[in-house]
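This report refers to the structure that appears directly beneath it.
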Amino acid sequence: MSNSDPIVIVSCARTPMGGLQGDFATVTASELGGVAIRAALEHGRVAAEDVDEVIMGNVLPAGQGQAPARQAAWKAGIPRSAGATTINKMCGSGMKAVMFAHDTLVAGGANVMVVGGWKA
Numbered sequence: 059m060s061n062s063d064p065i066v067i068v069s070c071a072r073t074p075m076g077g078l079q080g081d082f083a084t085v086t087a088s089e090l091g092g093v094a095i096r097a098a099l100e101h102g103r104v105a106a107e108d109v110d111e112v113i114m115g116n117v118l119p120a121g122q123g124q125a126p127a128r129q130a131a132w133k134a135g136i137p138r139s140a141g142a143t144t145i146n147k148m149c150g151s152g153m154k155a156v157m158f159a160h161d162t163l164v165a166g167g168a169n170v171m172v173v174g175g176w177k178a
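Using this note's numbering, you'd call the opening residue of the sequence shown number 59 and step up by one each time.
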């Protein structure tokens, strides 16, 4: 049995933080998520077309419309053929998304995944 894990994180990005009803009050969470996803793909030199699936944690999806992870993926230019899942979990939803992505990659269910989370 090998101790090496072939799963790697190739890039990361985040949006600036803002206060309640502050500078980002008119920007949706999925728009901010799309910006962060696009930046991570660019920094990692990963083509949006290569993404098989997106998993995003989101603790408070009320008022964001259906499937916030899918909305963010589309806004980042990821094809509609890619899967997208939103995890609704208090605290740690982004980390849970990373864990689910790791397991999916190990099982061979995907080759390239985008993972993240937001609390807005």
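Heads up, the beta-carbon is just placed ideally off N, CA and C, and yes, glycines get one too.
| said: If the criterion is Cβ atoms closer than 9 Å, does the pair GLN124 and THR86 meet it? | reply: Taking the sequence shown and counting its residues from 1, one reaches residue 124 at position 66. Taking the sequence shown and counting its residues from 1, one reaches residue 86 at position 28. No, the Cβ-Cβ distance between GLN124 and THR86 is not below 9 Å.
| message | If contact is defined by three or more beta carbon pairs under 8 Å, each pair taking one atom from either stretch, is the region 130 to 140 in contact with the region 149 to 165? | response | Contact annotation: the region 149 to 165 does not touch the region 130 to 140, with fewer than three C-beta pairs closer than 8 Å.
| request: For my contact list, VAL164 and ILE67 are in at a C-beta cut-off of 8 Å; report their separation, rounded to the angstrom. | output: As a working mapping, residue 164 is identified with position 106 in the sequence shown. As a working mapping, residue 67 is identified with position 9 in the sequence shown. Contact between VAL164 and ILE67 does not hold, since the beta-carbon distance rounds to 14 Å and is not under 8 Å.
| task | Select from ASP63, MET114, SER88 and LEU78 the residue whose C-alpha is nearest the C-alpha of MET171. | result | For the purposes of this step, residue 171 is taken as residue 113 along the sequence shown, with counting starting at 1. It is MET114.
| request: Measure the C-alpha to C-alpha separation of ASN116 and VAL173 and round it to an integer number of angstroms. | output: Reading the sequence shown from its first residue, position 58 is the one you call residue 116. Reading the sequence shown from its first residue, position 115 is the one you call residue 173. Across the structure, ASN116 and VAL173 are spaced so that their CA atoms are roughly 11 Å apart.
| task | Leaving out five residues on either side along the sequence, give the residues of the same chain with a beta carbon under 7 Å from the beta carbon of GLY92. | result | Here the question's residue 92 lines up with position 34 in the sequence shown. Cβ within range, chain order: ALA130, LYS133 and ALA134.
| Any idea if THR84 is buried or exposed, counting beta-carbon neighbours within 10 angstroms, 16 or more meaning buried? | For the purposes of this step, residue 84 is taken as residue 26 along the sequence shown, with counting starting at 1. Around the beta carbon of THR84, fewer than 16 other beta carbons sit within 10 angstroms, so the residue counts as exposed.
| What residue does the alpha helix (DSSP H) around GLY92 start on, and which one ends it? | The sequence position of residue 92 within the sequence shown is 34, counting from 1. From DSSP, the alpha helix (DSSP H) with GLY92 extends over 87 to 101.
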